[in-house]
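*Asks:* Structure in structure tokens, see below.
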Amino acid sequence: MKKYSYHIMSLLGLLLVFAGCGNQQGPSSSNGALDSSAAEKVYVAPGQQDEFYAFLSGGYSGNLTVYGLPSGRMFKEIPVFSQFPTSGYGYSEETKPMLNTSHGFVPWDDLHHPDISQTNGELDGRWIFVNGNNTPRIARVSLSTFETEEIIEIPNSAGNHSSSFITENTEYVVAGTRFSVPVPQRDMPIAEYKSNFKGALSFIKVEPEHGHMDIKFQVLMPGFNYDLSHPGRGDSHGWFFFSTYNSEEASTLLEVNASQNDKDFIAAINWKKVEEYVNNGGGTKMPANYAHNVYDESTHTGTSTMKKEVVTVDPTKVPDAVFFLPTPKSPHGCDVDPSGQYIIGAGKLSADLTVHSFDKMLAAIEGKKFDGEAYGIPILKFEDVLAGTVKSGGLGPLHTEFDSDGNAYTTFFISSEVVKWKLGTWEVIDRQPTFYSVGHLMIPGGNSRKPFGKYVVAMNKITKDRYLPTGPEMEHSAQIYDISGEKMELIYDFPTHGEPHYAAGCPAELLAPKSKKIYRLDENKHPYAVTSPDQAKVVREGKNVHIYMSTIRSHFTPDNIEGIKVGDKVYFHITNHEQDFDVPHGFSMIGQNTSEILIMPGQTKTSIWEPKQVGVWPFYCTDFCSALHQEMQGYVRVSPADSSIELSWSLGGD
């Protein structure tokens, strides 16, 4: 077996080398440059704006990045799971609670799959949901402020990968575990994995007006690896589909031992039936410990609450709610077309794409056409649910997106290409190379009932010769294809920050009218806010000193403070009095042992400083705000710990 596995790995390595070499375009290559017509398609003239927003996962950066399409310009990095010194997210006292977990303060995660909220299966542009893969979490980001508003930790899970996909009315956001684990967690031998570990599929209820999240129930599935998922839509609304691998339940050398079976499964979950079961008192309330963190826009402050139980459901207790669809081989992608009729399984170790039919699935369930069971869950007969097979000729199929004309687009990792094929006929229409080793792809609205279908963005894992070398590690490469015609046309590529796994895209016109440009000062309910400079003050409470500070072009109030002592804990509560769009103010204090903070117009944020040395220490604005930006500064006088100097401060006119 060991010799056999080495041969498999060697073959895959050779395929990767040949695929990469076949697509290389060095500086001297005759086809290395795009023609002028392609360049015109991505050119956005000065003063003009991009047609689409693209939200790319940052992978190991822990954050979400925002790009314009077709220009490929990066507009913003939205901090979600990682501390972000550019804005002070995760450093300011108001945002530190957002990164709290049952494991303590965790200022990083591995962000994989964004999904935009929907109404009637169409993008509505209210929120975008993203998953933390490492410490299992789901976050909700506001698309009016582009700030993280809520993060909920997922108990009983590990490797929160088949997430964060939503139902077509944003009733639920789903968090499926990649790694099965003991539930509840306990000390046990890893070799006893089989039959003892569980895979939790969490259904998180989303409150329709404000988007607040709460774990409604967890379906405790057999101990497979749950890889990716997508919701039903249209007639299949009420179902959710999850790809699985390692149906062998191996616990070691998975690259060999989890690749033995000819078929693994797509798990079909009728969440409406499970929801009804739970609403009628079904399920088991299990002790748990997980953090729920919410940012309040009126107080500009995050709070963290530890929750202590979760409802778990044994799928065998809910009749006709959970089924397995056999799918070759080690399926990764699990995608549902805009009609909701076809469920596409992309087996990493299969050259073909398996397309299941939702109608045939229902008929097979009705006719009880089962091919055995796994842990009490019926396995449907492969031939009875198969809609068709796409004979692609590619190697390593992964993910599929859809346009508005009945076409599907699938990425192939090993052969480094995007393949276009027709739903219903399964005919391959076109294929275009990527550079190199493509993972996910995204069509704006391609994961909804209404794809926009003008561009496809391929997110590649290997850059090689696309950009100037910057050492062994370079940014990843994304590529934009024009798909408005029958044939795909590569029109641009651009580097992406972190490792993008998936993306979500929508028209700019959906978001721009809802964009919040300022926080109204008269609506600021932060407990330490000052709404006019004459309210500025400094208050001592033992060794804690609270500075109520205002800032406006180009002055801090107060600007000079005395009476601070070594050993004090100084809280700078800073309110930005600007009410003009795009005039944030920054604040940084020498020796602060944290990041600067960036305060938006009308917002209040808090930064802590603990002086350790006697002296006169400056602070200043870190964000350019006016011609007198350099003059925007102040001083703090720090005296010995036993000093009798009283607090005093200047308000600008002293």
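The sequence shown begins at 4 in my numbering and counts up one residue at a time.
Here a beta-carbon is modelled for each residue, glycine too, at the ideal position from N, C-alpha and C.
1. So the beta strand (DSSP E) N228 belongs to, where does it begin and stop?
2. Please say whether P604 and V586 have beta carbons closer to each other than 8 Å?
3. Pull up the distance between the alpha-carbon of T1 and that of V69, whole angstroms please.
4. Are the beta-carbon atoms belonging to I155 and I141 less than 8 Å from one another?
5. Can you name the start and end residues of the beta strand (DSSP E) that N527 belongs to?
6. Do E251 and Q263 have their beta-carbon atoms positioned less than 8 Å apart in this structure?
7. Ignoring anything shorter than 4 residues, give me the alpha helix (DSSP H) runs that lie fully in the segment 193-232, in order along the chain.
8. Across which residues does DSSP place M635 in a beta bridge pair?
9. Tell me whether the beta-carbon of E599 lies closer than 8 Å to the beta-carbon of P88.
10. Should E174 go down as buried or exposed, given a rule of 16 or more other Cβ atoms within 10 Å for buried?
11. Could you say which of D299, F268, T319 lies nearest to Y280 if we only look at CA atoms?
12. Name, in chain order, the residues that DSSP records as bridge partners for R434.
13. When burial is assigned at 16 or more other CB atoms within 10 Å of the CB, is V2 buried or exposed?
14. Looking only at DSSP bridge pairs, what is V542 linked to?
15. Would DSSP call K363 helix, strand or coil?
16. By Cβ distance, which residues of its chain are closer than 7 Å to S651, with the 5 residues on each side in sequence left out?
17. Give me whichever residues DSSP pairs with G107 in a beta bridge.
18. Hey, out of K363, V459, S653, whose CA is closest to D238's CA?
19. Output the boundary residues of the alpha helix (DSSP H) element that contains F385.
20. By the DSSP assignment, the beta strand (DSSP E) with T282 in it spans what residues?
21. Would you mind sorting V186 into buried or exposed? The rule is 16 or more other CB atoms within 10 Å of its CB.
22. What's the call for S440, buried or exposed, on a 16-neighbour Cβ count within 10 Å?
23. Name the two residues that bound the continuous beta strand (DSSP E) containing E258.
24. Measuring only the C-alpha atoms, how far is S646 from H632?
25. With a 10 Å radius around its C-beta and 16 neighbouring C-beta atoms as the bar for buried, classify S198 as buried or exposed.
26. Unbroken beta strand (DSSP E) runs of length 3 or more, entirely within the segment 60-138: which are they?
27. Taking Cβ to Cβ, would you say D267 is nearer than 8 Å to S333?
28. Measuring only the C-alpha atoms, how far is D118 from S147?
29. Would you say P472 touches the ligand HEM, meaning its beta carbon is less than 7 Å from a heavy atom?
30. Using C-beta distances below 6 Å, list every residue in its chain close to A253, excluding the 5 sequence neighbours before and after it, in chain order.
31. Would you call H580 buried or exposed, if buried means 16 or more other Cβ atoms sit within 10 Å of its Cβ?
32. Just reading off the alpha helix (DSSP H) that E565 is part of, what are its end residues?
33. Who are the near neighbours of G241 in its chain, counting only those whose CB is closer than 7 Å to its CB and skipping five residues on each side?
34. Exposed or buried, N163, counting other C-beta atoms within 10 Å across all chains shown (16 or more means buried)?
35. In the DSSP assignment, what are the bridge partners of Q482?
36. Straight-line CA distance for E97 to H116?
*Replies:* Result, derived from the coordinates:
1. Taken as a continuous stretch (DSSP letters only), the beta strand (DSSP E) holding N228 covers 228-234.
2. In this structure, P604 lies closer than 8 Å to V586 by Cβ.
3. Residue 1 lies beyond the residue range present for the chain, which begins at 4 and ends at 657; the question has no answer from this structure.
4. Cβ distance < 8 Å, so I155 and I141 count as in contact.
5. First-last for N527: undefined, no H or E at that position.
6. Their beta carbons are under 8 Å apart, which means Q263 touches E251 by this criterion.
7. If only complete runs of 4 or more residues are kept, the segment 193-232 shows no alpha helix (DSSP H) anywhere.
8. According to DSSP, which records beta bridges pairwise, M635 is partnered with nothing at all.
9. Yes; because the gap between Cβ atoms is below 8 Å, this pair is in contact.
10. With 16 or more Cβ atoms within 10 Å of its Cβ, E174 is classed as buried.
11. That would be T319, whose Cα lies nearest to the Cα of Y280.
12. Beta-bridge analysis with DSSP links R434 to V422.
13. Nothing can be reported for residue 2: it is not among the residues displayed for the chain, which extend from 4 to 657.
14. Its beta-bridge partners are H549.
15. Helix.
16. Apart from the 5 residues on each side of it in sequence, S651 sits with its Cβ closer than 7 Å to the Cβ of E565, G566 in its chain, given in chain order.
17. According to DSSP, which records beta bridges pairwise, G107 is partnered with T104.
18. For the residues K363, V459, S653, the minimum Cα distance to D238 belongs to K363.
19. Start and end: 385-388.
20. First, the residue type needs correcting, since residue 282 is Asn and not Thr in the sequence shown. Not the beta strand (DSSP E): N282 falls in the alpha helix (DSSP H), residues 274-282.
21. Burial call: buried.
22. Buried: at least 16 other Cβ atoms inside 10 Å.
23. From DSSP, E258 is part of no beta strand (DSSP E) but of the alpha helix (DSSP H) over 257-260.
24. Their backbone Cα atoms lie some 34 Å apart in a straight line.
25. With fewer than 16 other beta carbons inside 10 angstroms of its own, S198 counts as exposed.
26. Note on the segment 60-138: whole beta strand (DSSP E) runs with a minimum of 3 residues are 67-72, 77-81, 118-122, 125-135, in chain order.
27. Closer than 8 Å, so yes.
28. Each residue's Cα considered, the two are about 15 Å apart.
29. The ligand HEM is not among the ligands present in this structure, which contains no ligands whatsoever.
30. Excluding sequence neighbours, A253 sits near N260, A261.
31. Classification of H580: buried, given that the 10 Å Cβ count is 16 or more.
32. Unbroken run through E565 is the beta strand (DSSP E), 563-568; no alpha helix (DSSP H).
33. The answer, listed in chain order, is G235, N273, W274, K275.
34. A residue is called buried once 16 or more other Cβ atoms fall within 10 Å of its Cβ, and N163 is buried on that count.
35. According to DSSP, Q482 bridges with A461, D496.
36. Computed Cα separation, rounded: 26 Å.
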